[in-house]
Amino acid sequence: MFTNSSKLVPFLALLISTSTNAALFDRGSGFIYDNTLDITWLQDANYASTSAYDGDGKMTKAEAQTWVNNLSFGDASEWRLPSAGEATPGFNQTSSEIGSLFYDSLGNVSNSGQFLNTFQDNNLNIPQSFLNTELGLYWLDEDYDLAATRSWAMWTSGYTGNQVVSAYGYAWAVHDGDIANNNADINNVPIPASAFLFGSALLGLMVTRRQAIQ
Numbered sequence: 009m010f011t012n013s014s015k016l017v018p019f020l021a022l023l024i025s026t027s028t029n030a031a032l033f034d035r036g037s038g039f040i041y042d043n044t045l046d047i048t049w050l051q052d053a054n055y056a057s058t059s060a061y062d063g064d065g066k067m068t069k070a071e072a073q074t075w076v077n078n079l080s081f082g083d084a085s086e087w088r089l090p091s092a093g094e095a096t097p098g099f100n101q102t103s104s105e106i107g108s109l110f111y112d113s114l115g116n117v118s119n120s121g122q123f124l125n126t127f128q129d130n131n132l133n134i135p136q137s138f139l140n141t142e143l144g145l146y147w148l149d150e151d152y153d154l155a156a157t158r159s160w161a162m163w164t165s166g167y168t169g170n171q172v173v174s175a176y177g178y179a180w181a182v183h184d185g186d187i188a189n190n191n192a193d194i195n196n197v198p199i200p201a202s203a204f205l206f207g208s209a210l211l212g213l214m215v216t217r218r219q220a221i222q
């Protein structure tokens, strides 16, 4: 009896940890925190256009760098383009920051012809969305190491590769850390009521069984 009951403990721990393992949190005021990457995304994926900095938001790599390096949003500066990380050319590459967001956090698939931008914010328990996600090329921060005239980029087909820096693409601003909620403890996400009730029932069953055999 003790052995069977004890098996419920790791299961309960797994249940609770799974329910708190969300990736994206809407901090309000246009900030989306990504706790997988520990960065903050600007909710507006084409803010260069929305803010009237550029008509359609499509810029060369140098123009995109200039825009993001001088961006001030809310009380935050020091924005940058998403990092390429250890990216290699191809589909389903998640080592870049935008690749991780595209595939892992938003559940997009390669060559679908769309950019899914909605996610479940488990902190608020409601669906939230990024704004103005565009189909096309998004510049990544690093230049392509094999050619000075090319830069890493990701297309919303899901392909990560390189493009000449004189081409036109979109710029999505990101910032290191949880800048809109610096004092938040992301690991202490409220447990959904259903998980809490189920966990309580399991614990109650364990106690009842233990008392019955004493």
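Numbered per my numbering, the sequence shown spans residues 9 to 222. For each residue, glycine too, the CB sits at the ideal point set by N, CA and C. Nothing here was measured: the structure is a model prediction, and the numbers come from that model.
Within 10 angstroms of its Cβ, does residue 154 collect 16 or more other Cβ (buried), or is it exposed?
exposed
Could you give the distance in angstroms between the alpha-carbon of residue 147 and the alpha-carbon of residue 62?
15 Å
Using CA atoms only, rank isn't needed, just tell me which of 51, 54, 33 and 52 is closest to residue 44.
33
In this structure, how does DSSP classify residue 137 when only helix, strand and coil are distinguished?
strand
Start and end of the alpha helix (DSSP H) containing residue 77?
69 to 77
Range covered by the beta strand (DSSP E) that runs through residue 159
158 to 163
How would you call residue 94, buried or exposed, if buried means at least 16 neighbouring beta carbons within 10 angstroms?
exposed
Mind checking whether residue 118 and residue 166 have CB atoms under 9 Å apart?
yes
Report yes if the C-beta distance between residue 58 and residue 84 is below 9 Å; otherwise report no.
no
Give a yes or no on contact between the region 65 to 77 and the region 133 to 147, applying the rule of three or more CB pairs nearer than 8 Å.
yes
Which residues mark the beginning and the end of the beta strand (DSSP E) in which residue 58 is found?
Unbroken run through residue 58 is the alpha helix (DSSP H), 55 to 58; no beta strand (DSSP E).
Endpoints, the beta strand (DSSP E) within which residue 168 is located
167 to 172
Backbone CA spacing between residue 161 and residue 73 [nearest angstrom]:
Going by the C-alpha atoms only, they are around 13 Å apart.
In three-state terms, what does DSSP make of residue 112?
helix
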